[in-house]
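Heads up, the thing below is written out as structure tokens.
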Amino acid sequence: MTHFIITIDGPSASGKSTLAKKIAQRLGINYLDSGAFYRSIAAFLILNEDSAEDEGFLLGFLQNATLKLEYEGSFARYFLNGVDLSPYLRNEQVAMKASRIAKFGVVRKFVNQNLQAICKKGDFIADGRDLGSKVFPKADVKFFLTASIESRAKRRELEQKTMGTETSFEKVLEQLLQRDEQDSKRKIDPLVKPADAIFIDTTSFTTDEVCEQMLVNIKKKFVVRPSWYRVLIGSFLKKFFKIFFRLQVFGEGNAEKVLGGLVYANHTSYLDAPLLLSILGPNTVFVASKRVIEKNIFIRCVTRFFPLILVDEKNMPRDFFRICNKEIHKGSPVVIFPEGMRSITGEILSFKEGLASIIIHCKITEVLPIYLGGVYKAWPKERLFPVLWKKITVLISKPLCITGHKEGGAKEPRNALTEHLKKRLVDLEKQYKDKYE
Ligand code: DC
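So the sequence shown is numbered by the working numbering: it starts at -9 and just counts up by one.
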């Protein structure tokens, strides 16, 4: 299995690690802080009172050194020769020494080999100075972040004061200038912008704004070209619904805004999935219940061409959320029918918790409700075949913004979110009944 890697390079305090952590959380992937590798070596040497900083000494030391990471959730602890160095890594003396020893080829080789070995084990977003240019030249997406020296110094001053370190703007500014000089002027693998990296100056943006900008770019890079048969089937379905069911779609512009995103709709008929595929495009992926698929041979055959994200309702593993996240950020609309089954009466049933769980786990901030009107009459649950010439009308709402994600398994916020999502679909149903039925 191939894993993907996103790199962020840039000078100190340009916002790399804050953004890398945020994006790691949003995509459900791991964060790798390459600076912490250099810092771990520096911290170990400081603790051991080894002040020598020449290539020969460092070569001898690193030949027998082992570096290990242990993840506690998305937070990693760094061990060098079994010593947990995590508590010392943010110290300024350690940062300075890390920057000085980082100019030696032996140190860089040691760190790079460790980084490359770790990234073979999963999907990562990694930040540093030479990740896109040297360590992962074939990274899937590369960013280069920078900001004015004043704003970087202000951020670092605030960060240090928050950690209880006595400092001043002038002192931080001087340290940053010195580190910039060391990191960008060294002979081996200096800080450079890789030619194929996306450049972002973060000076006048908030972290959330930059994060969204980066996620849009990640999505664009990942958008996969659908296979020819999917495109063909998609355009056939569009014509099929237009001709045989006089399909009308309202709010199509809203769907175009969600290049990759979470979509939910009411479910009354076997026509629902092909209908949504014809509207949302050939990259659309459906979330389906493992239990239902196992029982239905026809759907099992269809999934050979249109793979589904299968969910075991009794057991929602972390892997399921990771797959949803990955599809969404690859630019695929991911569709879920939150009622969990087709409605016999055509009325909207109560929602299961799956939709809210995906939103909470994947930290989705926008979700698109779609009401499928008239599909029930076109192919109700009890009929063997569809009834042609019935009129189908689809209402696509503006995306719903979701804020204040609550972590964990507490029922309260999930129930409230589920009700909120259902209410929007019921509003659309009312609109359909008043205007279009
Ligand atoms: O990103 P940071 O401040 O934690 O990095 C500490 C030092 O490590 C930095 O001044 C330069 C060095 N470094 C490097 O040379 N190459 C990297 N990929 C990451 C960090």
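Here a beta-carbon is modelled for each residue, glycine too, at the ideal position from N, C-alpha and C. As the structure is a computational prediction, the values presented were derived from the model and not from experiment.
For residue 50, the uninterrupted alpha helix (DSSP H) segment begins and ends at 45 to 53.
Bounds of the beta strand (DSSP E) holding residue 20 are 20 to 23. Within the model, the alpha-carbon separation for residue 363 versus residue 204 is close to 36 Å.
Taking non-hydrogen atoms of the ligand DC into account, the C-beta of residue 174 is found less than 7 Å away from none of them. The Cβ atoms of residue 2 and residue 118 do not sit closer than 8 Å to each other. Looking from the CA of residue 315, the closest CA among 345, 420 and 295 belongs to 345. Per DSSP, the unbroken beta strand (DSSP E) holding residue 67 starts and ends at 65 to 70. Using a Cβ-Cβ distance cut-off of 8 Å, the segment 372 to 390 and the segment 206 to 224 are not in contact, since fewer than three pairs of beta carbons, one from each stretch, lie closer than that value. DSSP, reduced to helix, strand and coil, places residue 58 within a strand of the structure shown.
When secondary structure is reduced to three states using DSSP, residue 329 falls in the coil class, being assigned neither helix nor strand. For residue 300, the shortest separation between its Cβ and any heavy atom of the ligand DC does not lie below 7 Å. Per DSSP, residue 235 is one residue of the alpha helix (DSSP H) stretching across 218 to 235. The C-alpha of residue 185 lies about 25 Å from the C-alpha of residue 104.
Here residue 116 is bridged, per DSSP, to -3 and 22. Residue 26 holds the alpha-carbon nearest to the alpha-carbon of residue 84 among 139, 157, 238 and 26. With fewer than 16 other Cβ atoms from the protein chains shown falling within 10 Å of its own Cβ, residue 127 counts as exposed.
Considered as a whole, the segment 170 to 221 harbours 197 to 212 as its complete alpha helix (DSSP H) runs of no fewer than 4 residues, in chain order.
Going by C-alpha positions, residue 56 is about 14 Å away from residue 32. Excluding sequence positions up to five before and after residue 131, its CB lies within less than 6 Å of the CB of -4, 208 and 211, all in the same chain and listed in chain order.
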